[in-house]
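S.K.: Going down the list, the protein sequences come from chains A and B. Per my numbering, the first sequence runs over residues 1 to 110. Per my numbering, the second sequence runs over residues 1001 to 1114. For each residue, glycine too, the CB sits at the ideal point set by N, CA and C.
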Amino acid sequence: QKEVEQDPGPLSVPEGAIVSLNCTYSNSAFQYFMWYRQYSRKGPELLMYTYSSGNKEDGRFTAQVDKSSKYISLFIRDSQPSDSATYLCAMSVGGQNFVFGPGTRLSVLP
Amino acid sequence: DAGVIQSPRHEVTEMGQEVTLRCKPISGHDYLFWYRQTMMRGLELLIYFNNNVPIDDSGMPEDRFSAKMPNASFSTLKIQPSEPRDSAVYFCASSRTNSQETQYFGPGTRLLVL
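1. Below 8 Å, how does it come out for the segment 1060–1071 of chain B and the segment 1035–1048 of chain B: are there three or more Cβ pairs, yes or no?
2. Measuring CA to CA, which of B:G1028, B:V1012, B:H1010 is closest to B:G1003?
3. Using the Cα positions of B:Q1037 and B:I1079, report the straight-line distance between them to the nearest angstrom.
4. Enumerate in chain order the residues of its own chain whose CB-to-CB distance from A:S12 is below 7 Å, with the five nearest sequence positions on each side excluded.
5. Quick test of the definition: if touching needs 3 or more C-beta pairs under 8 Å, does the segment 1007–1019 of chain B touch the segment 1066–1073 of chain B?
6. Just to check my reading of the structure: A:S20 and A:F98 have Cβ atoms closer than 8 Å, yes? What is that Cβ distance to the nearest angstrom?
7. Which full runs of the alpha helix (DSSP H) of 4+ residues lie inside the segment 18–103 of chain A, going along the chain?
8. Using a beta-carbon distance cut-off of less than 9 Å, what residues from the segment 97–110 of chain A approach chain B?
9. Tell me, please, which residues DSSP counts as bridged to B:S1007.
10. Using only the alpha-carbon positions, how far apart do B:P1107 and B:D1086 sit?
11. Figure out for me which residue from B:G1016, B:D1030, B:T1020 has the closest Cα to the Cα of B:S1094.
12. Can at least three beta-carbon pairs, one atom from the segment 29–44 of chain A and one from the segment 68–88 of chain A, be found at a separation below 8 Å?
13. When DSSP builds the beta bridges, which residues end up paired with B:P1054?
14. Check whether chain A comes within 8 Å of B:D1030, counting only Cβ atoms and requiring the distance to be less than that.
15. Which residues in the same chain as A:Y49 place their Cβ atom closer than 6 Å to its Cβ, once the five residues preceding and following it in sequence are excluded?
16. When the Cα of B:F1033 is compared with those of B:A1088, B:G1042, B:I1055, which residue comes out closest?
17. Can you look up B:T1013 in the DSSP assignment and give me helix, strand or coil?
18. My output table needs one value for B:R1041: the three-state DSSP class, helix, strand or coil.
19. Could you tell me if A:A29 is buried or exposed, where buried requires 16 or more neighbouring beta carbons within 10 angstroms of its beta carbon?
20. List, in chain order, every chain A residue whose beta-carbon is nearer than 9 Å to that of B:P1107.
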């Protein structure tokens, strides 16, 4: 079993839909949870960051962490074609050693 | 700020040749990371430095891979000799101590070993 699992997709949704992206993990020591967005042929960029459990909202994006289930989610409301990218979850116990999920490829169709 | 700079952006080489990838981190950042991304294995951390000192190189796949950071503004990742299975996109990233959740990635180097 990989340390971080993520459905690779591709996931195709119509413009305006609510998108749910998820990761599961096996290491209960993870405390920091990040979502990175990667456009084609670009480097990943940080989208959301959450420490421990709970929710965090930033505009159209909401990140949720459920440590009891070892499950994190990213919700995108009113999805736009510009949201089409690969979304990578990342986690760490503390410090700089991140473990990334394999990424979910999202296409938002106009 | 120019962001993390990597060179070359693309590299095509033949098996057995030496490959050197270069990275300039964001000024003021004291952490530097080298990652490799493939379809099969995703994004893998190879090695990271803090204040130019290697902290964790457990992700370096083999002795054929080596990385150096001679000063705060430059790092290299070298593969010698290169093999076709080394073909991947190699990313460099940097971050600051008081903002550890944010790693800033460069545009990557696409390496193809024939």
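M.R.: On the basis of the coordinates in this document:
1. Counting C-beta pairs with one atom in each stretch, the segment 1060–1071 of chain B and the segment 1035–1048 of chain B have three or more that are closer than 8 Å, which means they touch.
2. As a working note, residue 1003 of chain B is residue 3 in the second sequence. Out of B:G1028, B:V1012, B:H1010, the CA that lies nearest to the CA of B:G1003 is found in B:G1028.
3. Looking up residue 1037 of chain B in the second sequence gives position 37. Looking up residue 1079 of chain B in the second sequence gives position 79. If you take the alpha carbons of B:Q1037 and B:I1079, they lie about 15 Å apart.
4. Along the first sequence, read from residue 1 onward, the residue named residue 12 of chain A stands at position 12. So the qualifying residues of the chain are S107, L109.
5. Touching, no.
6. The residue you call residue 20 of chain A lines up with position 20 of the first sequence. The residue you call residue 98 of chain A lines up with position 98 of the first sequence. Wrong, their Cβ atoms sit about 22 Å apart, outside the cutoff.
7. None, since the segment 18–103 of chain A contains no complete alpha helix (DSSP H) of that length.
8. Taking 9 Å as the cut-off between beta carbons, the residues of the segment 97–110 of chain A near chain B are N97, F98, V99, F100, G101, P102, G103, in sequence order.
9. Sequence index remark: in the second sequence, residue 1007 of chain B carries index 7 (1-based). According to DSSP, B:S1007 bridges with B:R1022.
10. Locating residue 1107 of chain B in the second sequence gives position 107, counting from the first residue. Locating residue 1086 of chain B in the second sequence gives position 86, counting from the first residue. The alpha-carbon atoms of B:P1107 and B:D1086 are separated by roughly 18 Å.
11. Along the second sequence, read from residue 1 onward, the residue named residue 1094 of chain B stands at position 94. Of the candidates B:G1016, B:D1030, B:T1020, the one whose C-alpha sits nearest the C-alpha of B:S1094 is B:D1030.
12. Short answer: they touch.
13. In the second sequence, residue 1054 of chain B corresponds to position 54, counting from 1. According to DSSP, B:P1054 bridges with B:F1049.
14. Looking up residue 1030 of chain B in the second sequence gives position 30. By the rule that beta-carbons nearer than 8 Å mark a contact, B:D1030 does not touch chain A.
15. Here residue 49 of chain A refers to the residue found at position 49 when the first sequence is read from its first residue. Closer than 6 Å at the Cβ level, and outside the excluded window around A:Y49, lie M34.
16. Start at 1 with the first residue of the second sequence, and residue 1033 of chain B comes out as number 33. Residue B:I1055 holds the alpha-carbon nearest to the alpha-carbon of B:F1033 among B:A1088, B:G1042, B:I1055.
17. Residue mapping note: residue 1013 of chain B aligns to position 13 of the second sequence, counting from 1. It is a strand residue.
18. Translated into the one-based positions of the second sequence, residue 1041 of chain B becomes position 41. Coil at B:R1041, not helix or strand.
19. Numbered from 1 along the first sequence, position 29 holds the residue referred to as residue 29 of chain A. Result: exposed.
20. Along the second sequence, read from residue 1 onward, the residue named residue 1107 of chain B stands at position 107. Chain A residues near B:P1107: R41, K42, G43.
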